[in-house]
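Written below as structure tokens is the structure these notes are about.
In the working numbering, the protein residues as written are 28 to 243.
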């Protein structure tokens with residue numbers, strides 16, 4: 028699929044990550060203080076996840092070319108600074124064309140987008156917590172510039188991304204262009220929930236987004 032059309036599809040169907048999760052035996056994570064104290068986080072499908080707005084003007088400046096995937100499918104991710112290591116699943120889009128979020132206790136990469144290690148912004152998603160307690164991205168808010176995120180592919184190759192910055196945005200003001208517009212070098216986005224928990228809506232109000240670039 029031409030790069031421009033892939034970009035438009037992402038911008039048109041991206042859903043802001045919602046819900047929270049439970050821990051899995053397959054994933055090692057060290058718990059610490061929660062970013063915001065919560066009770067009764069939502070079940071996985073308990074809320075409607077809105078699609079992000081489409082900005083065609085932002086996409087038109089990019090050349091439509093075919094970009095073959097040159098990197099093997101990612102298999103796992105490790106973030107030493109927060110004691111996290113575990114396998115990656117692949118998620119895409121739901122039937123209603125919203126972004127599919129991973130199962131509780133899992134991390135996933137957005138398979139309709141960029142493969143981690145290829146030029147452009149790849150995305151890895153995970154929940155922060157659930158009724159059962161902390162989940163995979165519970166400590167994501169602790170990451171700082173310079174921390175490493177290591178993605179290992181199924182062929183054994185690995186890519187060490189370095190955190191540039193961490194941002195927190197209301198879900199109704201998701202920074203679509205900053206997250207999804209093409210980049211000349213391999214980059215990575217980690218996305219989870221954050222901010223205050225709305226008990227009435229059983230949902231967090233914000234998204235926490237980590238921006239990282241491939242190390243030299």
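Idealized CB from N, CA, C, for every residue including glycine.
Note that the coordinates shown come from a computational prediction; the quantities given were computed from them, not determined experimentally.
Pick from 152, 177, 199 and 113 that is closest to residue 213, judged by C-alpha positions: 177
Let me make sure I understand the geometry here. Which of 184, 175 and 216 has the alpha-carbon closest to that of residue 194? 216
At a cut-off of 7 Å, would you count residue 117 as near the ligand GDP, judging by its Cβ distance to the nearest heavy atom? In the structure shown, the ligand GDP is absent, as is every other ligand, since no ligand is present at all.
Measure the alpha-carbon distance for residue 174 versus residue 187 and round it to whole angstroms. 10 Å
Could you round the C-beta distance between residue 100 and residue 181 to whole angstroms and report it? I think they count as a contact, below 8 Å. 5 Å
Compare the Cα-Cα distances from residue 247 to each of 119, 227 and 105 and report the closest residue. This structure cannot speak to residue 247, because the chain is shown only from 28 to 243.
Residue 118 and residue 132 closer than 8 Å at C-beta: no
Is residue 200 helix, strand or coil when you go by DSSP? helix
Buried or exposed by the 16-neighbour rule on C-beta atoms within 10 Å, applied to residue 156: buried
Could you work out which residue in 154, 243, 144 and 208 is closest to residue 218 when comparing CA atoms only? 154
Closest by C-alpha distance to residue 184, when choosing among 151, 224, 130 and 145: 145
Contact set for residue 225: own chain, Cβ-Cβ below 7 Å, skip 5 residues either direction: 232
Who pairs with residue 231 in a beta bridge, going by DSSP? 224
Straight-line Cα distance separating residue 210 from residue 134: 23 Å
Ordered list of beta strand (DSSP E) runs contained in the stretch 105-188, each at least 3 residues: 111-118, 134-137, 147-152 and 175-180
On the CB-based measure, 16 or more other CB atoms within 10 Å of its CB, does residue 166 come out buried or exposed? buried
Cβ neighbour criterion (16 or more within 10 Å) applied to residue 207: buried
Using a 10 Å radius around the Cβ and a threshold of 16 neighbouring Cβ atoms, would you call residue 171 buried or exposed? exposed
Of the listed residues 140, 164 and 128, nearest to residue 111 (C-alpha basis): 164
Alpha carbon to alpha carbon, what distance is there between residue 128 and residue 223? 20 Å
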